[in-house]
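Written out below as structure tokens is the structure these notes cover.
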Amino acid sequence: MAKIILLSAEKGSGKTTALLKLREKLTGLTLNSRGVLSPPVMVNGEKIAIELMDARSAERKRLAVPAALDSPEASGLRWHFFEDTLDWGNHLLSEAVPCDILFVDEMGPLEFDRNEGLTKGFFAIDSRRFLVALVTIRPALLERALARWSDAQVCKVTIKDQPHLVNNLFRLITG
-11 MAKIILLSAE KGSGKTTALL KLREKLTGLT LNSRGVLSPP VMVNGEKIAI
39 ELMDARSAER KRLAVPAALD SPEASGLRWH FFEDTLDWGN HLLSEAVPCD
89 ILFVDEMGPL EFDRNEGLTK GFFAIDSRRF LVALVTIRPA LLERALARWS
139 DAQVCKVTIK DQPHLVNNLF RLITG
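First residue of the sequence shown: -11, per our numbering; consecutive thereafter.
Next up, the structure:
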């Protein structure tokens, strides 16, 4: 039976880092990992961009840069998203299932509030054509996510507990 795990925490708390470490730990196993991850681009401790990474191939493309204060994106969003990368991510998500491990990082305000961004993540998760889906989500959207996926398991992510979380998720997946 398909299992959905929602990794919930505020921005900057290590959700993506936990998934990157888990993906690395799963490398070499016969499990088929698909989907997308959104690693930050850090310079001197500052997040200067976000990349989108194919969970299968590790190919990366620039997803977003900080929005200019006077840009249309600045109304509620801190980032300017590149449409060609969103299209690529949606293509990856539309072809991600069936798979063993589905990564969807992240289902955020863009997807839930604006029906924009990585909306094919909804399609992939709703399909239930995976063993485990690992979905990152902010606490403010958790109630809406649980209304959609009522059987999902919630894991709170903290930087302090990240190594334990990665190990627990690995054990859950590898049984």
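Note that beta-carbon positions come from the ideal geometry of N, C-alpha and C, so glycine has one too.
Here the structure is a predicted model, which means the values were calculated and not measured.
Between which two residues does the beta strand (DSSP E) carrying residue i extend?
i: VAL154; result: Counting along the chain, VAL154 falls outside any beta strand (DSSP E), though it belongs to the alpha helix (DSSP H) covering 150 to 162.
i: LYS(-9); result: -9 to -4
i: SER26; result: Looking at the DSSP string, SER26 is not in any beta strand (DSSP E), and its letter there is neither H nor E.
By Cβ distance below 6 Å, which residues in the same chain neighbour residue i in space, the five residues on each side in sequence not counted?
i: LEU130; result: SER(-4)
Using only the alpha-carbon positions, how far apart do residue i and residue j sit?
i: ASN156; j: GLY105; result: 30 Å
i: ILE(-7); j: ALA133; result: 11 Å
i: SER138; j: SER115; result: 14 Å
i: LEU81; j: LEU122; result: 13 Å
i: LEU74; j: GLY163; result: 33 Å
i: GLN141; j: LEU160; result: 12 Å
i: VAL154; j: GLU39; result: 21 Å
Taking all protein chains shown into account, decide if residue i is buried (16 or more other Cβ within 10 angstroms of its Cβ) or exposed.
i: LEU17; result: exposed
i: VAL31; result: exposed
i: LYS3; result: buried
i: ASP93; result: buried
i: MET(-11); result: exposed
Within the continuous alpha helix (DSSP H) that includes residue i, where are the two ends?
i: PRO127; result: 127 to 136
i: ILE147; result: Per DSSP, ILE147 belongs to no alpha helix (DSSP H) and is neither H nor E.
Residue j and residue i - do their beta-carbons sit closer together than 9 Å?
i: PHE91; j: GLU99; result: no
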